[in-house]
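Below is one structure; the comments refer to it alone.
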Amino acid sequence: MSSPTNKKIFSLIAAAAALAGLAGAGIASTHTANAEPQQYKAPLFGFGSDTTQDVMNALGGFANGKTYTPLVTSESTGYKQIVNFDATIPGGADATARECIATKLGSPLILRPNGSGEGQKILSRQAGGVWYNGLSVTAAITTAACNSSRNVAGLVDFARSSSSVSNAVGTDITALPFGLDALTFAYSKPKTSSDSVCGTGAEACKDAIDTLSKVELTSLYTNGVLLKNSTVLIPCGIQTSSGTYKTWYGNTGNTSSQEGTGTAFCNGIGNGSRLQENHGPELKAKADAMLTTTNAICDGVAGGSAVSCNDVQVVVGFAASAWVSKSNGLSSPAPGTGVSLGLAGGKTFVTYTAGNAEGSKWSPNTDGFSDTAWNRKVYNMVFSANLDNSTGDAAIIEMFKGSTSLMCGSAAQAIVNAFGFLSLGNDASTGCGNTTLKGGLVANG
217 MSSPTNKKIF SLIAAAAALA GLAGAGIAST HTANAEPQQY KAPLFGFGSD
267 TTQDVMNALG GFANGKTYTP LVTSESTGYK QIVNFDATIP GGADATAREC
317 IATKLGSPLI LRPNGSGEGQ KILSRQAGGV WYNGLSVTAA ITTAACNSSR
367 NVAGLVDFAR SSSSVSNAVG TDITALPFGL DALTFAYSKP KTSSDSVCGT
417 GAEACKDAID TLSKVELTSL YTNGVLLKNS TVLIPCGIQT SSGTYKTWYG
467 NTGNTSSQEG TGTAFCNGIG NGSRLQENHG PELKAKADAM LTTTNAICDG
517 VAGGSAVSCN DVQVVVGFAA SAWVSKSNGL SSPAPGTGVS LGLAGGKTFV
567 TYTAGNAEGS KWSPNTDGFS DTAWNRKVYN MVFSANLDNS TGDAAIIEMF
617 KGSTSLMCGS AAQAIVNAFG FLSLGNDAST GCGNTTLKGG LVANG
């Protein structure tokens, strides 16, 4: 059985820690002892977003080597907890690699869903036991064990999503928000003015650009290059099943087609693929690949001669929440040396406070998070039928629905905040757990 979050999550140590956390919080069960671990009998299985996987892992009891008190439903709804499958292989060096996973003992092997889009797709395939075809999700699948259709009935309870519903027509799926995020850009430049290799004259390094207006970002992603203050900027693409990909190209004022054309050059160098969302080391690798690349686009103007790309700056959309959690060591990988967070629209998205304790030095900044041009809600999506108070799934309702749900409670929101998201408040129409946003099932492909 493939691990949902980390190879240790189902170890005896993690299970014991989770149970100890429940007891320490004063919410351990008082019913007759049972030799079976109750929280794993029928958990709520989730897939999808990379951006929210770690905060949901923490709400399930374990994230990035740290234990947390997990959310657990009441005795009347079966003491159910969240079991979260990461978007990519846990601890994998290559974030673009794909693998087969089994959600339960004896269940069919399926392709690990990567991103908000694939999370919504596999949730949609849960309806009526419809088959989930991994081949139609990605052309990169090479794992023979799961490269054909599988029946996923009973294997999916919710989808993590950092973007809105993929299919706005219909009401089959309800998106339940639980936090506020914001998007800006991260950048990496292999040569900077402080480098000893910069030289002088034509070989001098150009300073990195840390601020881009929306107009400049639109131009960057439309044309595939932007020349600003003598620095050449090149945009890189995010993997297309990502909610961050979908939201970012919309925030920059581009279409998916424009984004595809504009990022083609960066996507083709280095490992030859788009970046996993919010992955600093992959962005740094693209910048490093520029050092040995020659192309006409790197002179910053169209139609020029091929020149060295060793002094360009690469740019990609990046979630501010991810920057906070990864920089604080709550998520991985860390952004890493040589990667910085920019100011989209001149807004500040994160704050560094040197005097804070380790693990809390970085925090969200409301300057960027309050701007509707750059912020977004993050969601857990479920079947709308499961939210009916009379005929639905009582555990799903208790976990996700409304401001009184476990997800919207103070204990959960403290963890949500620690992972770089702001709370949404309790308004019935716009606040945490509201059921306003609905959409239809999402087709494979």
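Here our numbering runs 216 ahead of the position in the sequence shown, where the first position is 1.
We put the beta carbon where it would ideally sit given N, CA and C, even for glycine.
This structure is a prediction, so every number in the text was calculated from the model and none was measured.
When you compare only the Cα positions, how much space is there between residue i and residue j?
i, j, result
"ALA355", "THR416", "The pLDDT assigned to ALA355 is 38, lower than 50, so where the model puts this residue is not dependable; a value taken from the coordinates is nonetheless given after this. Rounded to the nearest angstrom, the two C-alpha atoms are 46 Å apart."
"LYS577", "PRO393", "26 Å"
"GLN474", "ILE425", "22 Å"
"ALA503", "SER378", "26 Å"
"PHE599", "ALA610", "13 Å"
"MET615", "THR285", "15 Å"
"SER409", "LEU491", "26 Å"
"LEU442", "LEU436", "5 Å"
"GLY242", "SER626", "Residue confidence is low: GLY242 scores 35 on pLDDT, short of 50, so the model does not pin down where it sits. Its coordinate-derived value is still stated next. Straight-line Cα distance between these residues: approximately 15 Å."
"GLY476", "SER489", "12 Å"
"ILE357", "GLU419", "At ILE357, the pLDDT of 44 sits below 50, so the modelled position is not reliable and the matter cannot be decided from this model."
"GLY264", "GLY333", "7 Å"
"GLY322", "LEU399", "40 Å"
"LEU396", "LEU428", "22 Å"
"GLN380", "GLY294", "One detail in the question is off: residue 380 reads as Ser in this sequence, not Gln. In a straight line, the C-alpha of SER380 is about 30 Å away from that of GLY294."
"LEU339", "ALA538", "24 Å"
"ILE225", "GLY575", "Any reading at ILE225 needs caution, since the residue's pLDDT is 38, under 50, leaving its predicted position unreliable; the model's value is listed next. Cα-Cα distance, rounded: 21 Å."
"VAL658", "ALA391", "13 Å"
"GLY453", "HIS495", "12 Å"
"ASN725", "PRO306", "With the chain represented from 217 up to 661, any question about residue 725 goes unanswered, as that position is not in the structure."
"ALA601", "GLY641", "25 Å"
Confirm, please, whether the CB-CB distance from residue j to residue i is below 8 Å.
i, j, result
"SER458", "GLU493", "yes"
"GLY618", "GLY649", "yes"
"PHE401", "PHE261", "no"
"SER207", "GLN629", "Residue 207 lies beyond the range of the chain shown here (217 to 661); nothing can be said about it."
"THR460", "THR267", "yes"
"ALA505", "PHE585", "no"
"THR564", "ASP587", "no"
"PHE637", "VAL594", "yes"
"CYS421", "ILE450", "no"
"PHE301", "ARG328", "yes"
"VAL523", "VAL271", "no"
"THR438", "GLY478", "yes"
"GLY386", "GLY647", "no"
"SER548", "ASN280", "yes"
"ILE613", "LEU603", "yes"
"GLY520", "ALA480", "no"
Would you kindly report the start and end of the unbroken beta strand (DSSP E) that includes residue i?
i, result
"ASP397", "389-404"
"ALA375", "374-377"
"GLY262", "260-264"
"LYS593", "591-599"
"SER579", "578-580"
"ARG366", "365-367"
"VAL566", "566-568"
"PHE616", "Looking at the DSSP string, PHE616 is not in any beta strand (DSSP E); the run it does join, the alpha helix (DSSP H), is 610-616."
"ALA535", "529-535"
Could you check where the alpha helix (DSSP H) with residue i kicks off and where it finishes?
i, result
"PRO497", "496-506"
"ILE631", "626-634"
"GLY333", "332-341"
"VAL299", "Element bounds for VAL299: not the alpha helix (DSSP H) but the beta strand (DSSP E), 298-300."
"TYR284", "Unbroken run through TYR284: none, as it is neither H nor E."
"LEU275", "269-275"
"THR447", "Counting along the chain, THR447 falls outside any alpha helix (DSSP H), though it belongs to the beta strand (DSSP E) covering 447-451."
"GLN492", "Neither: GLN492 is in no alpha helix (DSSP H) and is coded neither H nor E."
"THR477", "472-478"
"GLY466", "459-467"
From this set, the options, which residue's C-alpha is nearest residue i's C-alpha?
i, options, result
"VAL431", "ASP423, ASN470, TYR403, SER364", "ASN470"
"VAL413", "GLY484, PHE585, LEU442, ASN526", "ASN526"
"THR447", "TRP539, SER404, ASP604", "SER404"
"ALA384", "GLN336, LEU428, CYS452, ASP587", "GLN336"
"LEU653", "MET597, ALA535, SER537", "MET597"
"ASP643", "ALA361, GLY636, CYS624", "CYS624"
"LEU507", "ASP302, VAL528, ASN591, GLY636", "VAL528"
"THR283", "LEU546, GLY322, ARG341", "LEU546"
"PHE278", "GLN297, SER521, GLY264", "GLN297"
"ALA589", "ALA343, SER364, THR468, LEU275", "THR468"
"SER572", "SER521, TRP464, ALA303, ASN544", "Note on identity: in this sequence residue 572 is Asn, with Ser being the wrong assignment. Comparing Cα positions, the closest option is ASN544."
"VAL368", "LEU325, PRO549, ASN445, THR427", "LEU325"
"ALA560", "SER548, THR569, VAL531", "VAL531"
"THR434", "ASN605, GLY466, SER606", "GLY466"
"LYS462", "GLY331, ARG366, ILE485, ALA343", "GLY331"
"ASP423", "ALA274, ASN445, GLY440", "ASN445"
"LYS407", "GLY496, LYS500, SER365, TRP464", "LYS500"
At a cut of 8 Å, does the segment 285-296 reach the segment 317-331 through at least three beta carbon pairs? At 8 Å Cβ cutoff, the stretches do not touch.
Okay, do the segment 511-521 and the segment 548-556 touch, 3+ Cβ pairs below 8 Å being the bar? No, the segment 511-521 does not touch the segment 548-556.
The segment 369-388 in contact with the segment 570-584 per 3-pair CB rule at 8 Å: No, the segment 369-388 is not in contact with the segment 570-584.
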